[in-house]
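Accompanying notes for the structure given below.
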Amino acid sequence: MRIAVIGAGPMGGILAANLINRGLDVSLVDLNPQIKEQVEKSGLAIVGEAATKMQGELQTAPVTVASDLAELGEVDLVFVCIKSTFLHQLIPVMEKCWRSGTVVVSYQNGIDTEDMLAKVAGDDHTLRVVINYAGQMNSPGIYQVNWVTPPNYLGGISELATATHGQRVAELLNGAGIECKLVDKIKQFAFEKTVLNTTLCPICTLTGLTMGEAMELDATSSLVRVMLEEARVIGEHLGYQFKGSINQWMGYLSVGGNHRTSMAEDINAGRCSEIAFMNGKICDYGELLGVQTPYNNTMRALILGREANL
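Have a look at this one:
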């Protein structure tokens, strides 16, 4: 099986390194020339104490890094690990070289990212992973795992995708030390994970607080709670039945530690955020359902305001 991983940021780099370390045929696609130079010379490295919940710290052999998916020729499985912000740029590139029957996996944060990829691969060949680990790229090709809270969740857009391709990809990920559970209703899992992100991501970006600091401060933790309540109503209107309570969601967020959110890192680096696929999606569904989302609307507006000055 030939595997392509599009995006050599923290999520894609950690994924690719663990797959390669199990002897799988993996190539990377990334536009960053520094990543290409370093990874083709020295390979990928995984560091950090939390990596013990995967395969531990590791170093791979040099890895091919293409600047375009078409350069790789025929591949059987494609993991899309880029920020959702860049999906609209990737889709036309994929359409030009896509081979019928290739399976694509949205290995991203946000709501409905898999729907955009399905326009290229088709519903029956499109899977989604809800990622439950976090990391950072210390330097090109060197990735630090910050925390891991398994399992990651995997499912297909269609029942056929889950039945035909889901088990194979789940076995592949589990074999690579990325604990994965195959589920039927992946969109609910993606919605719930994103709802958790839609609280601390904008709050920490706008205040400069870490996740731990925001949860310890009464003013911001109270805001987190009402945002969770607001988004949960949207999910319930969509037919989702959540097992965890608001208090359990708050407990999950309370162990985030003194880490910066990915949204804060993006904005501070002068990059646009993934707000459209996070709070923006909550707002979009609210409009569709006729349910008001004032807190998420406010967060979306404030982050877009920050982006306007980048």
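Numbering-wise, the sequence shown is residues 3 to 312 according to our numbering. Built from N, CA and C at the ideal position, the CB exists for glycine as well. Here the structure is a predicted model, which means the values were calculated and not measured.
- Taken atom to atom, the span from the alpha-carbon of L119 to that of G9 is near 15 Å.
- By the criterion of a C-beta distance shorter than 6 Å, A47 is surrounded in its chain by Q61, I144, once the five residues flanking it on both sides are discounted.
- H90 sits exposed, since fewer than 16 C-beta atoms from the chains shown fall within 10 Å of its C-beta.
- Apart from sequence neighbours up to five positions away, the residues of its chain that approach Y155 with a beta-carbon distance below 6 Å are V132, K183, V185, F191, ordered along the chain.
- When secondary structure is reduced to three states using DSSP, Y109 falls in the strand class.
- Where T300 is concerned, the enclosing alpha helix (DSSP H) starts and stops at 296-310.
- Between L306 and H167, the alpha-carbon positions lie close to 38 Å from each other.
- The segment 92-137 contains, as complete alpha helix (DSSP H) runs of 4+ residues, the segments 115-123 (chain order).
- Here P94 is exposed: its Cβ has fewer than 16 other Cβ atoms, across all protein chains shown, within 10 Å.
- DSSP assignment within the segment 9-39 yields the following whole alpha helix (DSSP H) runs of 4 residues or more, N-terminal first: 12-22.
- A straight line joining the alpha-carbon of L304 with that of Y297 spans about 11 Å.
- Residues R4, I5, A6, T104 of the same chain have their beta carbon placed closer than 7 Å to that of V77, with the five preceding and five following residues left out of the count.
- Between the segment 186-206 and the segment 108-126, the count of C-beta pairs closer than 8 Å reaches three or more; the two stretches touch.
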